[in-house]
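Number of protein chains: 2
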Amino acid sequence: MNINQNYLALQDSYLFSLVTQKVNAFKEQNPTKEVIRLGIGDVTLPLAPAVVEAMHKAVAEQGEKSTFKGYGEEQGYEFLRQTISNYYAKKNVTLSNTEIFISDGAKSDIGNILDIFDINNTVLVPDPVYPVYVDTNIMAGRTIIYSNGTEENSFLPLPDENTKADIIYLCSPNNPTGAVYNKEQLESWVSYALQHDAVILFDSAYEAFVQDESLPTSIYQIEGAEKCAIEFCSLSKTAGFTGTRCGYTVVPHALVKDNTSLNKLWLRRQTTKFNGVPYIIQKGAEAVFSDDGLKQIQENISYYMENAKLISETLKELNIWHVGGENSPYIWLKCPDNMNSWDYFDYLLENAQVVGTPGAGFGSNGEGFFRLSAFGDRVNVVEAMKRLRNLK
Amino acid sequence: MNINQNYLALQDSYLFSLVTQKVNAFKEQNPTKEVIRLGIGDVTLPLAPAVVEAMHKAVAEQGEKSTFKGYGEEQGYEFLRQTISNYYAKKNVTLSNTEIFISDGAKSDIGNILDIFDINNTVLVPDPVYPVYVDTNIMAGRTIIYSNGTEENSFLPLPDENTKADIIYLCSPNNPTGAVYNKEQLESWVSYALQHDAVILFDSAYEAFVQDESLPTSIYQIEGAEKCAIEFCSLSKTAGFTGTRCGYTVVPHALVKDNTSLNKLWLRRQTTKFNGVPYIIQKGAEAVFSDDGLKQIQENISYYMENAKLISETLKELNIWHVGGENSPYIWLKCPDNMNSWDYFDYLLENAQVVGTPGAGFGSNGEGFFRLSAFGDRVNVVEAMKRLRNLK
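Chains as they are written, first to last, in our numbering: chain A, 1 to 392; chain B, 1 to 392.
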């Protein structure tokens, strides 16, 4: 009996545990000082009333024999897939219901999708980025190469024609940088993928935060993407579902690789290794896209985006270089005075009692940068920005 | 770009679609005849009132800022892991909370656990069995060997010392046969696994149906199992969670293979590729194990077991060989007059309008056998048995 040796090549992520450890140590030494956390990537506003109402109704249905629902289709209820298809129609993207797979969140599907690809494919991952892209491929033993996000390209790397990649991760709006690709930039990625017979795994988990209507919120707004891209989205940030768990993955019928429909492969994977999202949760997810639901979640998104604006304006005032915050809940700043990420973390904690996330935790290009999140309380964001200004 | 070629070696499962197709064709030709379905493996009774109440409360909490829950630990809330640890204590099995992982159901974890094992391990799968064990290993390209369930061993195959297996699937009470291993039989499997450095994947999804208190309901009731076994369980059948989705997987700290803790590997897998079960669902699952919850689900299980008894008694009366039905919701019968599985299916449909599941769909040893399920309505079960007796 042997274990999967690739797991031994994984690096333990100490990022968030080290943050917690440092904050706790500081609080112990400074019990009277109030620490403000702008490091978390989790939402804080509750579920929308329309969602709560729909889930109460679904819970009641599950308690009555005449309305009880047992196994549903692994890929999700028709009512929810149709609702999401309608949501895409508003983006001028036409999808059939069988191209939409309901999931328990983008994280699961982004990891599990790798099942359907050969182990010998080369994977291109942006740096800095959400660490899950890298770890899931290390687990499978794939070769990973990186596309570099830098201050020069505003953390929006473009394809390099001299690099051969089979699987390409893109995340826009990006986590952690908050940078968003425009149409022309995404066109260059789609063009590269089509030319090199590659598949783009497009993570659009933060699409609902895009305010600038000229920016794409789905890869399928780019011509030809249906032949080279899979899209992952989630209600985690869109509708505060981080603890409620629902997302969706789009695998177009036109996406054929190695003479095989990837839609059929993914359906086979999901029907074999997944049993669908709870009926109650799918009813809650459907309500997100109702008229009331959309209005209510928009209020929450506006609240977070107002936080982001406060942060971004303060950084401008202080002449601190940054991206994000305009079409994303994340702000990615360059640590002042050439501090490295952890030095700046310590500096902010000690001098302003503000906690953020060191950029080095998201890849080597993150060194010297720092992530602030707009998911906190307004009153805390205002106070944190006041403290930053007083540091000057 | 290449796909995972192993997927092309999968056989499409036509079992349930062919059943549906044949039933629909029959109904079209015989619109006045009432067909009774005893083929389904899904529950029909609604969720217990204690579960419904707990989920209403949790939904309300998710709608209020002060009680809202975002991301939880991927391995599940402490409250639920403690509750399940207490449930195991009643079985005289001591587990720490960190040995318990909350999942969205046994199907996901039984497939996903394979991530942590080497591709070159040899897998031993009972035949007949739940098809997911075979398909998930074909997807990974592992060598599969079979242990044969037959009329002679009452569909409870024992280890063969001349066979070398690294990963061993056991399902007790078994799906589809309803056969249950006794303590001595499980001891022989644990002994084999310890001697051959193998890991047992023990599927106990039907444990709550065991009525005979001398029969094990957890592999950890066998001495030494904590050094060689992972256990998968689910609330799907126990508490009618097929559409509500919650289960749990036990990976003991004592389970060390290849000098590596499998508990640590599985934790790494889950924290990287899973984001936990919805808070609302975990609160519902917790309520299953409350005093009221346990009493209420026991009423449902008794209802199903009374159905099973009616079926089993009828088969005895008709001198039809069968196993199961006493400690399991499934009854596995030998098709009369040496009919094969599909011929018997057609015969029952045409002459009694009773639908079951052809055993051949669960492996080659299932040929000539047939599965009946006790998950139907009492009135339908009574009527179906009346029809079987009239066939004589």
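Where is the CB? At the ideal position from N, CA and C, for every residue including glycine.
Counterpart residues of residue i in DSSP-defined beta bridges
{"i": "V199/B", "result": "I167/B"}
{"i": "Y248/B", "result": "I102/B and C233/B"}
{"i": "V256/B", "result": "S261/B"}
{"i": "H322/B", "result": "L333/B"}
{"i": "V355/A", "result": "R37/A"}
{"i": "I3/B", "result": "F117/A"}
{"i": "L372/B", "result": "I331/B"}
{"i": "T122/B", "result": "T143/B"}
{"i": "D127/A", "result": "N148/A"}
Boundaries (first-last residue) of the beta strand (DSSP E) holding residue i
{"i": "L333/B", "result": "Y330 to K334"}
{"i": "A263/B", "result": "Per the sequence shown, the amino acid found at residue 263/B is Asn instead of Ala. Run containing N263/B: none in the beta strand (DSSP E); it sits in the alpha helix (DSSP H), L262 to K273."}
{"i": "N148/A", "result": "T143 to N148"}
{"i": "T83/B", "result": "Where T83/B is concerned, there is no enclosing beta strand (DSSP E), although the alpha helix (DSSP H) it sits in stretches over E78 to K90."}
Distance, residue j Cα to residue i Cα
{"i": "H196/A", "j": "I219/A", "result": "17 Å"}
{"i": "P159/A", "j": "Y130/B", "result": "45 Å"}
{"i": "T314/A", "j": "E74/A", "result": "47 Å"}
{"i": "E294/A", "j": "V123/A", "result": "Glu is not the amino acid found at residue 294/A; the sequence shown has Leu there. The straight-line gap from Cα to Cα measures roughly 36 Å."}
{"i": "A287/B", "j": "K237/A", "result": "29 Å"}
{"i": "F369/B", "j": "V190/B", "result": "29 Å"}
{"i": "S328/B", "j": "L8/A", "result": "41 Å"}
{"i": "S373/B", "j": "G324/A", "result": "57 Å"}
{"i": "F375/B", "j": "R37/B", "result": "10 Å"}
{"i": "I110/B", "j": "I100/A", "result": "24 Å"}
{"i": "E151/B", "j": "N319/B", "result": "15 Å"}
{"i": "N148/B", "j": "A205/B", "result": "21 Å"}
{"i": "S96/B", "j": "G276/B", "result": "19 Å"}
{"i": "N86/B", "j": "H253/B", "result": "18 Å"}
{"i": "E393/B", "j": "Y181/B", "result": "Since the displayed chain B opens at 1 and closes at 392, residue 393/B lies outside it and no answer follows."}
{"i": "N380/A", "j": "I119/B", "result": "50 Å"}
{"i": "Y304/B", "j": "G105/B", "result": "21 Å"}
{"i": "G72/B", "j": "R268/B", "result": "16 Å"}
{"i": "F202/B", "j": "L170/B", "result": "5 Å"}
{"i": "L194/B", "j": "D127/B", "result": "22 Å"}
{"i": "I144/B", "j": "F79/B", "result": "39 Å"}
{"i": "K107/A", "j": "F274/B", "result": "6 Å"}
{"i": "Y330/B", "j": "Q211/A", "result": "56 Å"}
{"i": "Q282/A", "j": "R387/A", "result": "42 Å"}
{"i": "I116/B", "j": "A198/B", "result": "14 Å"}
Within chain B, the residues that residue i reaches when beta carbons sit closer than 9 Å
{"i": "D118/A", "result": "M1, N2, I3, N4 and Q5"}
{"i": "P358/A", "result": "In chain order: nothing, as chain B lies at least about 20 Å away."}
{"i": "K316/A", "result": "Simply none; closest approach about 29 Å."}
{"i": "V199/A", "result": "M1"}
Boundaries (first-last residue) of the alpha helix (DSSP H) holding residue i
{"i": "S312/B", "result": "D291 to E317"}
{"i": "L10/A", "result": "Note, L10/A: premise wrong, no alpha helix (DSSP H); not H, not E."}
{"i": "P49/B", "result": "P49 to Q62"}
{"i": "E286/B", "result": "Y279 to V288"}
{"i": "M339/A", "result": "Careful: M339/A lies outside any alpha helix (DSSP H) and carries neither H nor E."}
{"i": "E383/B", "result": "R378 to L391"}
Interface partners of residue i on chain A, CB under 7 Å
{"i": "L10/B", "result": "R268"}
{"i": "G376/B", "result": "Neighbours of G376/B on chain A: none; closest Cβ ~12 Å, over 7 Å."}
{"i": "S103/B", "result": "Within 7 Å Cβ-Cβ: nothing; S103/B doesn't reach chain A, min ~10 Å."}
Listed by chain order, chain B residues near residue i by CB distance under 7 Å
{"i": "I397/A", "result": "With chain A represented from 1 up to 392, any question about residue 397/A goes unanswered, as that position is not in the structure."}
{"i": "H56/A", "result": "H56 and V59"}
{"i": "N137/A", "result": "Residues of chain B passing the Cβ test: none, with the nearest at roughly 11 Å."}
{"i": "P128/A", "result": "Simply none; closest approach about 18 Å."}
Where residue i meets chain E, residues with beta-carbon distance less than 8 Å
{"i": "D203/B", "result": "The structure shown contains no chain E; its protein chains are A and B."}
Interface residues of chain B facing residue i [CB-CB closer than 8 Å]
{"i": "E64/A", "result": "P46"}
{"i": "S108/A", "result": "K273, F274 and N275"}
Proximal chain A residues relative to residue i, where beta-carbon distance stays under 8 Å
{"i": "S188/B", "result": "Here the premise fails: no neighbours, minimum Cβ distance about 19 Å."}
{"i": "V251/B", "result": "What V251/B touches in chain A: nothing, since even the nearest Cβ is about 12 Å away."}
Residue i: CB within 7 Å of a non-hydrogen atom of the ligand SAM
{"i": "L201/B", "result": "You won't find the ligand SAM in this model; it holds no ligand whatsoever."}
Under 9 Å from the C-beta of residue i: neighbouring residues of chain A
{"i": "P49/B", "result": "G63"}
Quick check: the stretch 309 to 328 of chain B against the stretch 134 to 141 of chain A, are there 3 or more CB pairs under 8 Å? no
Three or more C-beta pairs below 8 Å linking the stretch 27 to 47 of chain B and the stretch 256 to 265 of chain B: no
Within 8 Å, do at least three Cβ pairs link the stretch 8 to 26 of chain A to the stretch 38 to 51 of chain B? Counting C-beta pairs with one atom in each stretch, the stretch 38 to 51 of chain B and the stretch 8 to 26 of chain A have fewer than three that are closer than 8 Å, which means they do not touch.
For the structure I just gave you, are there three or more beta carbon pairs, one from the stretch 58 to 70 of chain B and one from the stretch 291 to 305 of chain B, closer than 8 Å? no
Please determine if the stretch 211 to 226 of chain A and the stretch 177 to 189 of chain A are in contact, where contact requires at least 3 C-beta pairs separated by less than 8 Å. yes
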